[in-house]
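So the structure is just underneath, and the comments pick up after that.
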Amino acid sequence: MGLTRQDIARAGLRLLNDVGLNGLTLRLIAEELGVKAPALYWHMKNKQELLDEMATRMYADAMPGRVPEGMGERESLELAARALRRMMLAYRDGAKVFAGTFLTDDSLLGDNPLQGRVDAGLEPYLAGRALFTVYTYVIGFTIEEQAVYPVPGERDPRYDVTPTAWVFDEDVEGRFGDGLTMVLNGAFAWLDDKVAP
Numbered sequence: 001m002g003l004t005r006q007d008i009a010r011a012g013l014r015l016l017n018d019v020g021l022n023g024l025t026l027r028l029i030a031e032e033l034g035v036k037a038p039a040l041y042w043h044m045k046n047k048q049e050l051l052d053e054m055a056t057r058m059y060a061d062a063m064p065g066r067v068p069e070g071m072g073e074r075e076s077l078e079l080a081a082r083a084l085r086r087m088m089l090a091y092r093d094g095a096k097v098f099a100g101t102f103l104t105d106d107s108l109l110g111d112n113p114l115q116g117r118v119d120a121g122l123e124p125y126l127a128g129r130a131l132f133t134v135y136t137y138v139i140g141f142t143i144e145e146q147a148v149y150p151v152p153g154e155r156d157p158r159y160d161v162t163p164t165a166w167v168f169d170e171d172v173e174g175r176f177g178d179g180l181t182m183v184l185n186g187a188f189a190w191l192d193d194k195v196a197p
């Protein structure tokens, strides 16, 4: 059986923890797979296509499927946000890999946690704006978190001596949870103002 895009993406993910995003190249992936680099270009034209496929594999492997029966909008959105962060933290530079990528498998998008509001008359683009705001908070937070902790469990000592060290306290889970609560509170207050006519 021949080489597939998924094989290439999984090799990239295996190498990511060793070399980081900046060190990841198609040549290095080719070496990992035991092929010549030009063989990869039959499957992927450039590094962006590689990142798109890597992000898709990350998402497919880690994200929960359907929303549990009876779970409310806010709870399901919080569950998805926390799962997204865990997924990105599973890899060195995982948030940078995921940011700005295009998922290559539409079937992974799953249920819209705000579908009940859309069914009740909320314009779909407004639900999209609320979801995108939560999504970008999670990605942005995780990019910053991985800058402070470039290797899991190892804090970059520069963040201990700067005048802003108090912003990057050791309670990362608490900071993420508090920020997520602020974003969700704002998003749902904003949505409540957008009631259907």
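Residues 1 to 197 (the numbering used here) are what the sequence shown spells out, left to right.
For every residue, glycine included, the Cβ atom is placed at its ideal position computed from N, Cα and C.
Model, not experiment: these values are computed from the prediction.
From the listed residues Leu33, Ala62 and Phe176, the smallest Cα separation to Ile143 is found for Phe176. For Asn22, the enclosing alpha helix (DSSP H) stretches over residues Arg5 to Gly23. Annotation: Leu79 to Arg129 spans about 18 Å, alpha carbon to alpha carbon.
Rounded to whole angstroms, the separation of the alpha carbons of Gln146 and Arg117 is 34 Å. The continuous alpha helix (DSSP H) containing Gly140 extends over residues Pro124 to Val148.
Annotation for Ala81: the continuous alpha helix (DSSP H) segment containing it runs Glu73 to Leu89. Counting along the chain, the unbroken alpha helix (DSSP H) around Lys47 starts and ends at Lys47 to Ala62. One Cα belongs to Gly23, the other to Gly70, and the distance between them is close to 45 Å. Taking all protein chains in view, the Cβ of Phe141 is crowded by 16 or more other Cβ atoms within 10 Å, so the residue is classified as buried.
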